[in-house]
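Numbering (my numbering), first residue to last: 1476 to 1614. Quick reminder that beta carbons are idealized off the backbone N, C-alpha and C, glycines included. Keep in mind the model is a prediction, meaning the values are calculated, not measured.
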């Protein structure tokens, strides 16, 4: 798996205003730490100006505590939800916003995920209602 840096990524399809947003900048940083040869995703959960949890694509460690049933491979959003629950408890997440950025590893192209355009992970967005979360919609 090649290690990518910010300078390796084509951000031409991402509006500059979004790239300057600190939550999306953090999501890109998290994505670049991900573990996947196909798609790197970084996500965070924000509520009332506080980052409750962060996540990236990664493998769940053997015996590692995780607050809900999942496979051994965590997508960025699911990882962020789990992190937030472990730090703050499930109830604190209600009303939170999920920010997510994706990088296609082979193409080295970035994408800010927007569910209304159906280019986010449908597996992860199914979890949002369970925890009272909604997706951020970049403007």
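Given that a residue counts as buried once 16 or more other Cβ atoms are within 10 Å of its Cβ, and exposed if not, what is residue 1598? Along the chain shown, one-based indexing puts residue 1598 at 123. The Cβ neighbour count for residue 1598, taken over all protein chains shown within 10 Å, is under 16; the residue is labelled exposed.
Whole-number beta carbon distance between residue 1479 and residue 1578, since they are thought to touch under 8 Å: Looking up residue 1578 in the chain shown gives position 103. Looking up residue 1479 in the chain shown gives position 4. Confirmed, Cβ separation roughly 7 Å.
Pair every Cβ in the segment 1501-1516 with every Cβ in the segment 1537-1546, then say whether three or more of these pairs are closer than 8 Å. No: the two stretches stay apart, fewer than three of their Cβ pairs being nearer than 8 Å.
Neighbourhood of residue 1504 by C-beta, 7 Å cutoff - its chain only, sequence neighbours within 5 removed: Translated into the one-based positions of the chain shown, residue 1504 becomes position 29. For residue 1504, where only same-chain residues beyond five positions count, the Cβ hits under 7 Å are 1517.
C-beta atoms of residue 1661 and residue 1555 nearer than 8 Å: Residue 1661 is absent from the structure shown; the chain starts at 1476 and stops at 1614.
Taking only three categories from DSSP, how would you classify residue 1481? Position 6 of the chain shown, counted from the start, is the residue given in the question as residue 1481. Here residue 1481 carries a helix assignment [DSSP, helix/strand/coil].
To which residues does DSSP link residue 1574 through a beta bridge? Residue 1574 sits at position 99 when you count from the first residue of the chain shown. DSSP links residue 1574 through a beta bridge to 1519.
Rounded C-alpha distance that separates residue 1498 from residue 1582: Taking the first residue of the chain shown as 1, we reach residue 1498 at position 23. Taking the first residue of the chain shown as 1, we reach residue 1582 at position 107. If I take the Cα positions, the gap works out to 23 Å.
Is the distance from the Cβ of residue 1610 to the Cβ of residue 1600 below 8 Å? Along the chain shown, read from residue 1 onward, the residue named residue 1610 stands at position 135. Along the chain shown, read from residue 1 onward, the residue named residue 1600 stands at position 125. Result yes, Cβ atoms of residue 1610 and residue 1600 sit closer than 8 Å.
Start and end residues, beta strand (DSSP E) containing residue 1586: To locate residue 1586, count along the chain shown from 1; it is residue 111. Per DSSP, residue 1586 belongs to the beta strand (DSSP E) from 1584-1587.
Taking only the alpha-carbon atoms, compute the straight-line gap between residue 1590 and residue 1538 and give it to the nearest angstrom. Taking the chain shown and counting its residues from 1, the one referred to as residue 1590 is at position 115. Taking the chain shown and counting its residues from 1, the one referred to as residue 1538 is at position 63. Confidence in residue 1590 is poor, its pLDDT being 47 and thus under 50, which makes the residue's placement unreliable; the coordinate value appears in the next sentence. Each residue's alpha carbon lies about 32 Å from the other.
Quick check on the DSSP output: the alpha helix (DSSP H) that includes residue 1565 runs from which residue to which? As a working note, residue 1565 is residue 90 in the chain shown. Secondary structure note for residue 1565: its alpha helix (DSSP H) is the uninterrupted segment 1565-1568.
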